[in-house]
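Numbering (our numbering), first residue to last: 0 to 215. By construction, the Cβ of each residue, glycine as well, lies at the ideal position given by its N, Cα and C atoms. Values in this document were obtained by computation on a predicted structure and should not be read as measured data. I have placed the structure first, in the form of structure tokens, so that the comments after it can refer back to it.
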Amino acid sequence: MKFKAVIFDMDGTLLNTIEDITDSVNFILRKYDMPERTLDEVKHFVGNSSVKLIERAIQGGRENPQFDQILSDYEAYYVDHCNIKTGPYKHIPELLKELKDRGYKIAIVSNKSMDGVQELKNVYFGEWADVAIGVTDKLQRKPAPDECLEAMKKMSVKKEDCVYVGDSDVDDMTAKNTGIPCISCLWGFRTKDELIAAGAGENAFVSDPLEILDLV
Numbered sequence: 000m001k002f003k004a005v006i007f008d009m010d011g012t013l014l015n016t017i018e019d020i021t022d023s024v025n026f027i028l029r030k031y032d033m034p035e036r037t038l039d040e041v042k043h044f045v046g047n048s049s050v051k052l053i054e055r056a057i058q059g060g061r062e063n064p065q066f067d068q069i070l071s072d073y074e075a076y077y078v079d080h081c082n083i084k085t086g087p088y089k090h091i092p093e094l095l096k097e098l099k100d101r102g103y104k105i106a107i108v109s110n111k112s113m114d115g116v117q118e119l120k121n122v123y124f125g126e127w128a129d130v131a132i133g134v135t136d137k138l139q140r141k142p143a144p145d146e147c148l149e150a151m152k153k154m155s156v157k158k159e160d161c162v163y164v165g166d167s168d169v170d171d172m173t174a175k176n177t178g179i180p181c182i183s184c185l186w187g188f189r190t191k192d193e194l195i196a197a198g199a200g201e202n203a204f205v206s207d208p209l210e211i212l213d214l215v
């Protein structure tokens, strides 16, 4: 074993959440009489938290006088509708089971709200994930290292024991800021070319979750 723990991003890495996110965004946009967004647009809005998602999705962005209320409405709606079309990517359950069978510790870190992270973790990964961390008032969101460091603390592992797995440039920056290696997965919300252009060219790239078993 090269590592003792694997830290996973959630959206676009473990779970294909984009349809539920898009549907929730468009519900809120309709509520406020704003034009809806396509799935591909929303795919490029996600990664930096619901704050950035709504800022990018609504007219006027953060300067919209209704921004705080729109954000609050979105977060409340999404928590109640986060598991309608969402599901794990192919081979993710098999990957997590095999990692646990081999003795690895598993963490999930996400820029979702803590409520959303816990809801989805309990539904899909409760038997495998040792730790699941979302956005709180006490932790800076990714790409700050706070969530990863908190996960390491809870798992009682050191940096040199950990590897990060994610699908976006935010994940690459999170791993770099934490000081741990990153495996970039190509089944999520960014293409390999987009990741390389964003500075992730030195990462290992995987096209199927089971390939991760050969890298950890």
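* Assumed close pair G11, F188 - CB separation to whole angstroms, cut-off 8 Å -> Start at 1 with the first residue of the sequence shown, and residue 11 comes out as number 12. Start at 1 with the first residue of the sequence shown, and residue 188 comes out as number 189. Right, their Cβ atoms sit about 4 Å apart.
* **Where the beta strand (DSSP E) through C161 begins and ends** => Taking the first residue of the sequence shown as 1, we reach residue 161 at position 162. C161 to G165 is the extent of the beta strand (DSSP E) around C161.
* To do: Would you mind stating whether I6 and Y103 have Cβ atoms separated by less than 7 Å?
  => Here residue 6 refers to the residue found at position 7 when the sequence shown is read from its first residue. Here residue 103 refers to the residue found at position 104 when the sequence shown is read from its first residue. No. Outside cutoff.
* Asked: Going along the chain, which unbroken runs of the alpha helix (DSSP H) with 4 or more residues stay wholly within the segment 17-76?
  -> With a minimum length of 4 residues, the continuous alpha helix (DSSP H) runs that stay inside the segment 17-76 are 17-30, 38-44 and 49-56.
* To do: Could you name each continuous alpha helix (DSSP H) segment of 4 residues or more that falls completely within the segment 84-156, going from the start of the chain to the end?
  => Complete alpha helix (DSSP H) runs here, min 4: 91-100, 113-119 and 145-154.
* To do: Taking D39 as the reference, give the member of R29, D114 and I17 with the closest Cα.
  => Within the sequence shown, residue 39 is the residue found at index 40, counting from 1. Closest option to D39, Cα to Cα, is I17.
* Buried versus exposed call for Y77 [16 or more other C-beta atoms within 10 Å across all chains shown] -> Indexing the sequence shown from 1 puts residue 77 at position 78. Classification for Y77: buried.
* What's the gap between the Cα of D207 and the Cα of D213? -> Position 208 of the sequence shown, counted from the first residue, corresponds to residue 207. Position 214 of the sequence shown, counted from the first residue, corresponds to residue 213. Across the structure, D207 and D213 are spaced so that their CA atoms are roughly 11 Å apart.
* Asked: In angstroms, rounded to a whole number, what distance separates the CA positions of L70 and V130?
  -> Start at 1 with the first residue of the sequence shown, and residue 70 comes out as number 71. Start at 1 with the first residue of the sequence shown, and residue 130 comes out as number 131. Taking the straight line from one Cα to the other gives about 27 Å.
* Asked: Does the beta-carbon distance from E35 to N47 come in below 7 Å?
  -> Walking along the sequence shown from the start, residue 35 turns up at place 36. Walking along the sequence shown from the start, residue 47 turns up at place 48. With respect to the 7 Å criterion, E35 and N47 are not classified as neighbours on the basis of their beta carbons.
* To do: May I have the straight-line CA-CA distance separating Y31 from H90, to the nearest angstrom?
  => If you number the sequence shown from 1, residue 31 lands on position 32. If you number the sequence shown from 1, residue 90 lands on position 91. Roughly 39 Å separates the two Cα atoms.
* To do: Determine the contact status of Y88 and W186, defining contact as a CB-CB distance below 7 Å.
  => As a first step, residue 88 is located in the sequence shown; it is residue number 89 there, counting from the start. As a first step, residue 186 is located in the sequence shown; it is residue number 187 there, counting from the start. Inclusion of Y88 and W186 in the CB contact set at 7 Å is warranted, their separation being smaller than that value.
* Asked: Quick one, which of D8, E210, E93 and K3 has its alpha-carbon nearest D166's?
  -> Reading the sequence shown from its first residue, position 167 is the one you call residue 166. Looking at the Cα atoms, D8 is the closest of the given residues.
* Other residues of its chain near V169: CB distance less than 7 Å, five sequence neighbours each side excluded -> Start at 1 with the first residue of the sequence shown, and residue 169 comes out as number 170. Same-chain partners within the cutoff: G46, N47, K141 and P142.
* Assign D8 to one of three DSSP states: helix, strand, or coil. => Position 9 of the sequence shown holds residue 8. Correct three-state label for D8: coil.
* Specify whether the segment 104-111 and the segment 150-160 touch according to this definition: at least 3 beta carbon pairs, one from each stretch, less than 8 Å apart. => In this structure the segment 104-111 touches the segment 150-160; the number of beta carbon pairs closer than 8 Å is three or more.
* To do: Ignore the nearest five residues each way along the sequence and tell me which others in V41's own chain have a CB closer than 8 Å to its CB.
  => As a working mapping, residue 41 is identified with position 42 in the sequence shown. The beta carbon of V41 sits closer than 8 Å to the beta carbons of I17, I20, T21, V24, L52 and A56 from its chain, once the five residues preceding and following it are set aside; these are given in chain order.
* L212 (DSSP reduced to helix, strand or coil) -> Stepping through the sequence shown from its first residue, residue 212 is reached at position 213. It is helical.
* **Between the CA atoms of N110 and R61 - distance to the nearest angstrom** => Within the sequence shown, numbered from 1, the residue matching residue 61 stands at position 62. Within the sequence shown, numbered from 1, the residue matching residue 110 stands at position 111. For R61 and N110, the gap between their C-alpha atoms comes out near 18 Å.
* Asked: Taking Cβ to Cβ, would you say M151 is nearer than 7 Å to G133?
  -> Residue mapping note: residue 151 aligns to position 152 of the sequence shown, counting from 1. Residue mapping note: residue 133 aligns to position 134 of the sequence shown, counting from 1. The answer is no: Cβ separation not under 7 Å.
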